[in-house]
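Counting in our numbering, the sequence shown runs from 9 upward without gaps.
Using N, Cα and C, we set each Cβ at its ideal position, and we do this for glycine too.
Because the structure is a prediction, the values reported are computed rather than measured.
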Amino acid sequence: MSLFNGNNQRQDGVSGSELRAVEHNVFGGRRILWAGLAAVLLPLGVLLALQYWWLTELEQNSAIAREATLNNYLEATTKEVYYHYYKISERTLNLPAELFTKNKLEKAGSYFKKKEVKGARSLFVLGYGEKENRLLFFNPETGVMEDSGHSDESMAVWAAASPWSFMRKKGSKVKSAALAADQHNPGTRIILNPITDENWQLVGLAGLIIDEAYFKSTVLPEAIEFSLPKFEDANTDELRVVVRDGRKKQVFPEGKKAAWEKDRARRGFQFVFTDWSIALQGSYASPEKWARVNFTYNMTLSAVLALVLLGGIGLTIRTALREIKLSAMKNEFVSNVSHELRTPLSSIRVFGEFMRRGKIEAPEKIREYGSYIETESRRLTQLINNILDFSRIESGHLSYDFQATDLEELLAGTLATFSIRLRDKGFDVEYSEPAEPLPEVRLDANAIDRAVANLLDNAVKYANGERHIGVRLQREGDEITIAVSDHGIGIPKEELERIFDRFHRVSTGLVHDVKGSGLGLSLVKHIAEAHGGSVKAESEPGRGSTFTLRLPIEGPTGEAT
Ligand code: ADP
């Protein structure tokens with residue numbers, strides 16, 4: 009036995025360094041993987057963040073642009089209104105000063121008559137005389153200037169003219185002859201044109217009273233309509249203009265009330281109706297809207313791309329990790345297998361040498377050494393068979409030869425072959441034979457022999473000092489079960505499935521001390537399944553394991569090879 013130990017240490021030295029190299033590779037490989045992942049994810053993150061920032065910026069800028077566009081539109085509309093009233097006032101109210109200085113106020117009628125005045129409720133002149141001030145209204149039907157007495161309109165005009173009357177009284181000069189609007193009384197809005205003599209002295213006022221109904225029905229809609237074509241690049245179809253009076257009462261459009269909060273832009277009128285407001289509501293196919301759509305589209309696209317990319321990276325990492333693990337397992341496999349091969353070989357060589365030199369003469373010693381050589385050769389054969397089977401499975405060339413077989417006889421043969429090794433190592437095998445004689449089973453005798461040998465081999469390898477092995481053969485309905493149980497180190501619950509994977513070896517507990525290829529159970533599983541059966545492990549760590557091979561009596565359905 010000391011021979012094995014001596015060899016073990018030597019082999020362990022070699023395989024240990026190999027393993028460290030493998031671990032280093034694996035670790036190094038993972039580091040490179042993480043670095044690669046970071047190299048992809050970081051720029052991706054930066055790109056996404058930049059794009060987000062960029063698009064938000066664009067959206068904000070577009071919002072400002074939209075604000076400006078809407079305001080421009082409203083300004084254009086209010087300017088139209090302003091031009092309208094300024095134009096009619098300039099055209100109508102520019103009367104010669106002599107009418108006032110030479111007391112010919114009645115003549116104003118002939119001037120007014122010639123002009124077509126759209127949007128004025130009444131036209132009037134107010135003359136400041138030596139003795140009295142006179143206010144005459146134009147009668148459009150007769151074309152004559154008339155004294156209106158104490159009507160509401162004349163009261164309103166007197167009130168509107170009072171600052172001018174005050175100036176006149178004071179004798180101050182009127183420096184600019186600009187039109188003035190008086191809107192103290194919202195029901196009577198007045199535009200006044202101060203008339204001055206050559207010395208800039210105020211001699212009178214020509215004025216008009218605005219027709220509010222005409223403003224609402226004609227001036228306003230025309231102004232709105234007129235300003236729209238200037239924004240033809242914007243889709244103004246869905247835009248609504250809302251006009252409200254000084255008390256915020258909606259005057260345009262008539263009908264459905266537009267909520268104040270929904271105004272997207274609002275401003276007051278210029279010159280006349282200054283207490284009114286004009287606003288825009290509704291959606292606007294503006295650059296902002298385009299930017300928002302663009303934003304959502306771009307962000308969604310980026311998110312989808314990022315997800316796909318991450319998925320790809322995830323898959324690559326998974327594959328790479330698997331490859332790394334597999335390569336580590338393969339390296340470990342090579343190291344283990346070379347150890348498994350060398351150990352029996354060196355025993356055989358040493359015993360053979362002893363015998364050749366004739367150093368051993370006692371017949372019982374010769375028998376003992378002979379049996380060592382036989383056992384170790386069998387181990388070698390089993391290992392090589394396992395490797396060959398594995399390579400055949402991998403290349404898809406492993407075939408089975410199913411024959412009706414007496415399983416009791418087969419099992420007895422397998423146990424007999426094993427008995428020397430078992431006996432030498434001090435194991436006792438308790439064989440429980442079936443209660444009734446078994447029918448013949450369709451199976452590949454060699455394959456089943458190898459499967460059971462693998463199970464027995466494991467029972468010995470992982471015995472951990474408990475040298476009692478149980479083998480039970482019995483029938484369960486249409487199936488035959490072969491159970492191999494030991495009282496060894498056992499297998500953790502979470503490993504029970506995985507131990508049947510190729511190369512998989514339990515990495516915890518005592519199993520570390522035992523060398524193996526990690527192929528045995530994967531072959532057992534393959535063989536069981538090829539027979540239409542199964543293999544299952546039950547175990548309690550520290551107390552032992554039972555492996556049960558289940559084979560249908562009829563053999564595999566279809567008898568695939
Ligand atoms: P190997 O024994 O060559 O490592 P196997 O495929 O035969 O490969 O077994 C896979 C693993 O299952 C073993 O490494 C061991 O950890 C565990 N195992 C198998 N049989 C037993 C058993 N009887 N008792 C405890 N553990 C076992």
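- In this structure, the straight-line span from the alpha carbon of Gly528 to that of Asn394 is close to 7 Å.
- For Val468, the uninterrupted alpha helix (DSSP H) segment begins and ends at 453–469.
- Setting aside the 5 residues that flank it on each side, Asp452 is surrounded in the same chain by Tyr408, Asp409, Phe410, each with a C-beta closer than 6 Å to its C-beta; the list follows chain order.
- Burial state of Lys533 is buried, judged by a 10 Å Cβ sphere holding 16 or more other Cβ atoms.
- Not one heavy atom of the ligand ADP lies closer than 8 Å to the C-beta of Arg480.
- Closest by C-alpha distance to Leu41, out of Lys181, Ile96, Gly179, Arg326, is Arg326.
- Listed in chain order, the non-local C-beta contacts of Gly127 below 8 Å within the same chain comprise His92, Tyr93, Ile96, Ile218, Asp219, Tyr222, Phe223, Thr226, Val227, local neighbours out to five positions each way being set aside.
- In this model, Gln59 and Met307 are separated by some 8 Å (Cα to Cα).
- Distances from the CB of Arg386 to the heavy atoms of the ligand ADP are all 8 Å or more.
- DSSP places Pro447 in the coil class of the three-state scheme, outside both helix and strand.
- Under the 8 Å Cβ criterion, the region 499–510 does not count as touching the region 475–487, having fewer than three qualifying pairs.
- If you compare the alpha carbons of Val312, Glu161, Gly135, Leu78 with that of Gln209, the shortest gap goes to Gly135.
- In this structure Glu348 is not in contact with Leu317, their Cβ atoms being roughly 45 Å apart against a cut-off of 8 Å.
- Met337 has its alpha-carbon roughly 43 Å from the corresponding atom of Ala443.
- Out of Pro560, Leu131, Gly276, Ala43, the CA that lies nearest to the CA of Ser156 is found in Leu131.
- With contacts defined by Cβ atoms closer than 9 Å, Val460 and Ile490 form a contacting pair.
- Between Trp172 and Pro202 the beta-carbon gap is near 6 Å, inside 8 Å, which marks them as a contact.
- Spatial neighbours of Phe108 in its own chain (CB-CB distance under 6 Å, excluding positions within 5 residues in sequence) are listed in chain order as Gly135, Ile203, Val211, Gly212.
- The DSSP-derived three-state label of His476 is strand.
- For Gln390, the enclosing alpha helix (DSSP H) begins and ends at 371–403.
- For the ligand ADP, no non-hydrogen atom lies closer than 8 Å to the CB of Phe426.
- Judged by DSSP in its simplified three-state form, Pro194 adopts coil rather than helix or strand.
- His534 has its CB no nearer than 8 Å to any heavy atom of the ligand ADP.
- At the C-beta level, Val437 and Gly478 come within 9 Å of one another.
- Nearest Cα to Thr554 within the set Leu504, Ala536, Arg510: Leu504.
- DSSP places Phe260 within a strand segment (E or B) once states are collapsed to three.
- In the structure shown, Ile488 adopts extended strand secondary structure according to DSSP, grouped into three states.
- The region 251–261 and the region 277–288 touch, with three or more beta-carbon pairs separated by less than 8 Å.
- Here Ser235 is buried. Its C-beta has 16 or more other C-beta atoms within 10 Å.
- Taking 9 Å as the cut-off, the beta carbon of Leu446 is found closer than this to the beta carbon of Asp414.
- By the C-beta density criterion, Thr565 is exposed, having fewer than 16 other C-beta atoms within 10 angstroms.
- Phe362 has its CB no nearer than 8 Å to any heavy atom of the ligand ADP.
- Counting C-beta atoms within 10 angstroms of its own C-beta, Ser118 has fewer than 16 neighbours from the protein chains shown and is therefore classed as exposed.
- Note that the C-beta distance between Arg274 and Leu82 is below 9 Å.
- The ligand ADP has a heavy atom closer than 8 Å to the beta-carbon of Gly524.
- Under the three-state reduction of DSSP, Tyr408 is assigned to coil, being neither helix nor strand.
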